[in-house]
Amino acid sequence: MALSRISLVIPPVGLWREQARWYQWAEDVGYDVVYTYDHLTHATAPGMWLGEAFSTLTAAAAVTDRVKLGTLVASAVFRSPVALARAAMTVQDISGGRLVLGLGMGAPSCAVADHGERPELRDMSRRFADVVRGYRAVLDGATEWQGETLSFGGLETLPAPDGVAAPEFLVAAHGPRALALAARYADTWNTYGGPAGRELDGDEFWQLLAQQASVFDEQCERYDRDPADVSRSVMIGFGKVRLTSDVGSYLDTVERAEAGGFDELIVYGPDSPSGMGSDPRVHEQALARLR
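Counting with my numbering, you get residues 212 to 502 for the letters of the sequence shown.
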């Protein structure tokens with residue numbers, strides 16, 4: 212199998228005791244990473260309880276042993292560099308180094324929920340860049356830092372616990388500016404196709420991902436990074452392309468992801484809201500074929 216990992220999304224919806232069994236199940240059936248959302252509100256969960264991402268992953272670390280745990284993705288619209296680094300390194304410490312810190316620009320609805328204002332896309336993009344750069348600055352030991360929209364200063368504490376390495380840094384990116392950020396700073400680049408990809412199916416969807424990959428390669432070269440040194444991750448299911456309806460579709464999508472040069476395929480878990488769920492047996496049978 213060319214993919215280095217196959218991973219799962221479990222939205223932090225509902226009581227933790229209901230989520231916990233799916234983390235344990237994911238580990239048992241052979242998933243490599245289990246991700247959760249980082250949203251304050253979400254259109255797929257109206258009237259539902261939506262838990263906090265890093266608290267959820269801390270709890271997940273206590274009920275699993277092997278599987279990695281990640282955010283898909285931490286939201287730059289309400290996260291700031293120092294607080295993000297502190298939360299991430301705490302989970303990294305508690306989990307024994309199993310965190311994958313995914314970071315994305317975030318959703319305007321979460322900005323409204325957090326501070327009552329809907330930002331323009333250009334302002335969200337600038338803040339995203341600052342959170343990426345500022346987070347890296349914190350882990351590099353900076354005690355003060357100034358970005359375009361955010362800054363920090365007066366840090367008197369360590370950036371990480373003694374002996375605990377920084378987690379894998381995954382950056383979600385779809386447009387040129389975000390792809391440039393991922394190319395410069397990320398260990399892993401992730402895409403779900405972006406807003407345009409949600410309306411595409413079949414070959415058109417994979418063609419869009421190929422176009423994004425081409426831009427990503429160009430940006431890596433711009434920053435003197437070998438594109439092969441950055442892992443590539445694709446999430447499938449938040450749009451018209453669905454793969455967990457049957458085993459054949461799952462296996463076909465794995466082949467398409469491999470052919471597209473991706474290292475990681477991420478799918479939605481069986482208990483996902485808004486109709487994105489599936490029969491656990493599809494996951495189990497597909498993974499049994501792939502492992």
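For glycine and all other residues, C-beta sits at the position ideal for the given N, C-alpha and C.
If you're wondering where the values come from, they're calculated on a predicted model, not measured in any experiment.
{"Check": "Residue nearest to E367 in terms of C-alpha spacing, selected from A231, E379, T354", "Outcome": "T354"}
{"Check": "Euclidean distance between Cα positions of G408 and G308", "Outcome": "33 Å"}
{"Check": "H326, buried or exposed, once every other Cβ within 10 Å from all chains shown has been counted against 16", "Outcome": "exposed"}
{"Check": "Cα-Cα separation between L332 and M316, rounded to whole angstroms", "Outcome": "9 Å"}
{"Check": "Pairwise C-alpha distance: L501 and R492", "Outcome": "14 Å"}
{"Check": "Cβ neighbour criterion (16 or more within 10 Å) applied to G448", "Outcome": "buried"}
{"Check": "For A383, the residue or residues it bridges with in DSSP", "Outcome": "N401"}
{"Check": "E410 (DSSP reduced to helix, strand or coil)", "Outcome": "coil"}
{"Check": "Meets three-Cβ-pair contact criterion under 8 Å: the region 340-348 and the region 268-281", "Outcome": "no"}
{"Check": "First and last residue of the uninterrupted alpha helix (DSSP H) at I447", "Outcome": "No alpha helix (DSSP H) contains I447, which DSSP labels as neither H nor E."}
{"Check": "Euclidean distance between Cα positions of R433 and P330", "Outcome": "29 Å"}
{"Check": "Per DSSP, the bridge partner or partners of T282", "Outcome": "T247"}
{"Check": "Start and end residues, alpha helix (DSSP H) containing E359", "Outcome": "Where E359 is concerned, there is no enclosing alpha helix (DSSP H), given that its DSSP letter is neither H nor E."}
{"Check": "Straight-line gap, E379 to R337 (C-alpha atoms, nearest Å)", "Outcome": "23 Å"}
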